[in-house]
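Data block below; observations after.
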Amino acid sequence: MEEGGEKRKQKLRIVLVPWVFQGHINPMFLLASILHEKGFSITLAHAEFTPIDPTSHPHFSFIPLPDGFSGPDVGISFGSFLNFHSAINTKIESLLLDRLGREIDDESGAEKIACIIYDTIFCNVESAAHRLGIPSVSLHTSSATCLRVHLNLPDLQSYIPIPDGFGDEIAPGLDPLRFKDLDILLAPHVQEMLPFVAKTSNVTTAAAVILNTGSCLEQASLEEIKKKCGGGGAIPVFAPGPLFKLAPSASASSSLLEENTDCLKWLDRQAPDSVIYISMGSLVRIETDEFKELAHALADSEQPFLWVVRPDLLQGEAGTTAAVIERLPEKVKRVILEEERGMVVEWAPQKEVLAHKAVGGFLSHCGWSSTVESMGEGVPMICRPGFGDQWVNARYVSAVWGAGLELGGGNRKALERGEIEAAIKKVMSGKLGEEMRKKAGDMKSKIESSIVKGGSSYNDLDSFVQFILSLQQPN
Ligand code: UDX
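Numbering (my numbering), first residue to last: 21 to 495.
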C-alpha cells in the first residue's frame, strides 16, 4: 500500500448500492465490511422497501431511498419482474441523482465520494454515477462463469430454440457447460430475456468490475472476462472472493429475515459430518410434489437433517412454515416435528451452519453465495438448481470441482421416490461421498490459501483498494 495511503483513505467515502434481494445484499454488505476495515467510510444507499436494519451496522451510514415500492412478487411472471426491474431502476436513478447531487453541491461535506459500487443488475445506478461525475464500479454477485455465459450469448443465437436432444451437448465456447445448463436459452420467453440479460450484465461502462469469486474457483472464466473487458486492463477486473472469507469475522449479518440460532445448539448435539443441511436460498420456490419427496427422503434416509422451510417455499402458495409442514403425510410429519433427528427452521444462520463440524452435506439450489459458502467450508453438495445461474453453478460443483452431484442428472424432470434418499446416502456415507468430501476439502484449502498474503484473492483485494485510491484526489 502506498505511502500515506491510510491517511488519504480516511477522507474517502464509498457509496454502495445493493440490488434488492438477499442473495445480492449479502455480497454487497460483505464488500462494505471489507472496505470499511481497509479504512474507507461506507454509505449504503438502498431501496427503502428492503428491510435493512441500520442498527446492526453502526459503522456504516445509510441512505434509504424512498422508492415507493412494497417489493416485487417474483413468483408472478417474468414480464412483471421486467416491469419491476425497469421501474425501480428509473426511480433509484433519479433519487440518487437528487440526493447525491445535493451532497456534492454542499461543499461543506467533509468526505468526498471516491466511487459508487453498484450491483451490475442495478444498471441505471451507473448512469446516475456518470451524470454526477463519480466513478462507478460494477459488483457482479453471481459467478464469473455466469457472467462469461451472458457475454457469450450473442454467439449462441443460432441455437435458439435449442434443438431437441441437444441438452447434453457442450455449448460452443463454454466447456464444460451443456446446453441444458444455460437456463436463459431454455426459457419460453428467451427473446425477451436476451436484451434484459445484455443490459444487466453490461460490464463495459463502469470504471472497474469486481466479482464475488477468485482464481482458485474460476480461473478460466475470469481470464475470458478480462479479455472481454478490453484486454490490457482497459476496465480492470478484480476477483477478491469469496468475500465471506475475507470479511472481518465480526461482520454483522445482513440477513433480511430473522435467523434461528437455536439450530446451532441442536447441531452441537450431533456427530461430526452427520447432518445434511437443506436450503433453497431466498427466492427459489418448489412444487408441492417435490417438497413431499424431500420430506419422504429425509424421513426414510435416517440421516440427521436441518431443513430451511421458508414460509413462501412452495410454488404459488404463501403461508407459514407450520402450515406448510402440516400438509405432509403423518409419518413424515412425525419424524420432522417430533424426533430429535431433524430440525426445521424458517431461516438459518447459514454461514455458521456450514462452518459447523456436524454438517456433512448440503442439499442446495446452488445460488452463488450458497455455493461458495459450502466450498469455503469444505461441505459436499447435492445440487437441485431452481433457475438462472444456479444450473451453471451446479455444473461447476459436480463436473469441475467434483465436490457434489446433480440430483436428477441435472435435468428438470420431477424426481422419483427414492432418488433424493439415494443421493443423500451417496454423499453422506458412500465411497463416492468420501471422494466428494475430499474434493470439497481441497476447495476449502485452495480458498484459504488464496485469501492470505500472496494469495490471488488477497492480491486482488489489495489491487482493488489501490485502484479506488487512484480514482481521484480527496478534497
Ligand atoms: C439469488 C439467486 O438465486 C442466486 O442464484 C444468485 O447468485 C444471487 O441471487 P439466492 O437464491 O438467495 O440468491 O441464493 P444465494 O446466492 O445462495 O444467497 C442466499 C444467501 O442467503 C446466502 O448468503 C445464504 O447464506 C443466506 N441464507 C440462506 C441464510 O442466511 N439463511 C438461510 O436459511 C438461507
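Beta carbons: idealized from backbone N, C-alpha and C, even for Gly.
Span separating the alpha-carbon of Gly474 from that of Phe41: Within the sequence shown, numbered from 1, the residue matching residue 474 stands at position 454. Within the sequence shown, numbered from 1, the residue matching residue 41 stands at position 21. Approximately 33 Å between the Cα atoms of the pair.
For Leu214, write down the residues that DSSP places opposite it in a beta bridge. Counted from its first residue, the sequence shown places residue 214 at position 194. Leu214 is not bridged to any residue.
Using DSSP with H/G/I as helix, E/B as strand and the rest coil, what is Arg198? Numbered from 1 along the sequence shown, position 178 holds the residue referred to as residue 198. Three-state DSSP puts Arg198 in a strand.
Using a threshold of 7 Å, is the CB atom of Lys371 nearer than that to any non-hydrogen atom of ligand 1? Within the sequence shown, residue 371 is the residue found at index 351, counting from 1. Result yes, Cβ under 7 Å from ligand 1.
Which residues bound the alpha helix (DSSP H) around Ala149? Stepping through the sequence shown from its first residue, residue 149 is reached at position 129. That run of the alpha helix (DSSP H) goes 143 to 152.
Per DSSP, Cys135 forms a beta bridge with which residues? Counting from 1 along the sequence shown, the entry for residue 135 is found at position 115. Beta-bridge pairing links Cys135 to Ile34.
What does the alpha-carbon distance come out to for the pair Ile204 and Glu310? Counting from one through the sequence shown, the residue named residue 204 turns up at place 184. Counting from one through the sequence shown, the residue named residue 310 turns up at place 290. Taking the straight line joining both Cα atoms gives about 23 Å.
Can you tell me whether Arg457 is buried or exposed? The criterion is at least 16 other CB atoms within 10 Å of its CB, across all chains shown. Translated into the one-based positions of the sequence shown, residue 457 becomes position 437. Its Cβ being crowded by 16 or more others within 10 Å, Arg457 is buried.
Assess contact between the region 374 to 384 and the region 279 to 292, defined as three or more Cβ pairs (one per stretch) separated by less than 8 Å. Is contact present? Counting C-beta pairs closer than 8 Å gives three or more between the region 374 to 384 and the region 279 to 292, which meets the contact rule.
To the nearest angstrom, how far is it from the Cα of Ala497 to the Cα of Lys459? Since the first residue of the chain shown is 21 and the last is 495, residue 497 is not available in this structure.
Would you kindly work out how many angstroms separate the C-alpha atoms of Pro78 and Ile62, rounded to a whole number? Position 58 of the sequence shown, counting from 1, holds the residue named residue 78. Position 42 of the sequence shown, counting from 1, holds the residue named residue 62. One alpha carbon belongs to Pro78, the other to Ile62, and they sit about 11 Å apart.
Length at least 3, wholly inside the region 65 to 99: the beta strand (DSSP E) runs in chain order: Within the region 65 to 99, the complete beta strand (DSSP E) runs of at least 3 residues are 81 to 85.
Every unbroken alpha helix (DSSP H) within the region 256 to 301, with a cutoff of 4 residues, ordered by chain: Here the runs fully enclosed are 263 to 266, 282 to 288.
Pro262 versus Val472: straight-line alpha-carbon distance, rounded: Position 242 of the sequence shown holds residue 262. Position 452 of the sequence shown holds residue 472. Whole-angstrom Cα-Cα distance: 12 Å.
DSSP has Met363 in a bridge; who is on the other side? Numbered from its first residue, the sequence shown carries residue 363 at position 343. In the DSSP secondary-structure assignment, Met363 is bridged to Leu326.
May I ask which residues mark the beginning and end of the alpha helix (DSSP H) holding Ile54? Looking up residue 54 in the sequence shown gives position 34. Judged by DSSP secondary structure, Ile54 falls within the alpha helix (DSSP H) whose first and last residues are 42 to 57.
From Gln323 to Leu276, what does the alpha carbon distance come to, in whole angstroms? As a working mapping, residue 323 is identified with position 303 in the sequence shown. As a working mapping, residue 276 is identified with position 256 in the sequence shown. Gln323 and Leu276: Cα-Cα distance of roughly 30 Å.
Pro192 classed as buried or exposed, judged by whether at least 16 other C-beta atoms fall within 10 angstroms: Residue numbering aside, residue 192 sits at position 172 when the sequence shown is read from its first letter. Taking all protein chains shown into account, Pro192 has fewer than 16 neighbouring C-beta atoms within 10 Å of its C-beta and is therefore exposed.
Taking C-alpha atoms, which residue in Ile444, Leu117, Val257, Gly424 lies nearest to Ala319? By one-based count along the sequence shown, residue 319 stands at place 299. It is Ile444.
Cutoff 7 Å; reference Met300; Cβ partners in own chain excluding five residues on either side: To locate residue 300, count along the sequence shown from 1; it is residue 280. Here the set comprises Ile306, Leu333, His385, Gly406.
Comparing alpha-carbon positions, which option in Trp327, Gly428, Leu152 lies nearest Arg122? Start at 1 with the first residue of the sequence shown, and residue 122 comes out as number 102. The shortest Cα separation from Arg122 among Trp327, Gly428, Leu152 belongs to Leu152.
Using 8 Å as the threshold, is the region 262 to 272 in touch with the region 184 to 202, meaning 3 or more CB pairs across them? They do not touch, by the three-pair rule.
So which of Ala423, Leu242, Leu116 has the shortest CA-CA distance to Lys464? Taking the first residue of the sequence shown as 1, we reach residue 464 at position 444. The candidate whose alpha carbon is nearest that of Lys464 is Ala423.
Please confirm if the region 408 to 418 is in contact with the region 473 to 487, defined as three or more CB-CB distances below 8 Å between the two stretches. Two segments are said to touch when three or more pairs of C-beta atoms, one from each, lie closer than 8 Å; by this definition the region 408 to 418 does not touch the region 473 to 487.
Below-8 Å beta-carbon distance, Asn46 vs any chain C residue: In the structure shown, chain C does not exist; there is a single protein chain.
Please indicate yes or no: does the CB of Ser97 lie closer than 7 Å to some heavy atom of ligand 1? One-based indexing of the sequence shown puts residue 97 at position 77. For ligand 1, not one heavy atom lies less than 7 Å from the Cβ of Ser97.
Between Gly185, Val37, Ala207, Ser162, which has its C-alpha nearest Leu115's C-alpha? Working through the sequence shown from its first residue, we reach residue 115 at position 95. Nearest C-alpha to Leu115: Val37.
Reduced DSSP category for Phe382 - H, G, I as helix; E, B as strand; rest coil: Residue numbering aside, residue 382 sits at position 362 when the sequence shown is read from its first letter. Here DSSP, grouped into helix, strand and coil, assigns Phe382 to strand.
Alpha carbon of Leu176 to alpha carbon of Asp184, nearest angstrom: By one-based count along the sequence shown, residue 176 stands at place 156. By one-based count along the sequence shown, residue 184 stands at place 164. Taking the straight line joining both Cα atoms gives about 16 Å.
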